[in-house]
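I have placed the structure first, in the form of structure tokens, so that the comments after it can refer back to it.
In the working numbering, the protein residues as written are 5 to 77.
What follows is the structure in structure tokens.
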């Protein structure tokens, strides 16, 4: 049975990914002009992707915790 260790740099990587996605969304909204719908769509998409990454990270931590509990049994 494999046993994975959690690393504190994972959170930093996810945070950098969210910031990168927000910067891309800002660049795209400036590229397509100051249209409010494009800006609103890019902000909504960035928030959605950020929430999805946060839930995936929490699910990953849940799997690690279950593996750690199973390993200790």
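Virtual Cβ for every residue (Gly too), placed ideally from N, Cα, C.
Check: Three Cβ pairs or more, each shorter than 8 Å: is that satisfied between the stretch 43 to 52 and the stretch 64 to 71?; Outcome: no
Check: Spell out whether any CB of chain D is found under 8 Å from the CB atom of residue 52.; Outcome: Going by chain labels, chain D is absent from the structure shown, which holds only one protein chain.
Check: Determine the DSSP secondary structure at residue 5, reduced to helix, strand or coil.; Outcome: Bear in mind that a pLDDT of 47 at residue 5, under 50, signals an unreliable position, so the model cannot answer this.
Check: When burial is assigned at 16 or more other CB atoms within 10 Å of the CB, is residue 33 buried or exposed?; Outcome: buried
Check: Suppose you measure from the CA of residue 44 to the CA of residue 13; what does that come to, to the nearest Å?; Outcome: 31 Å
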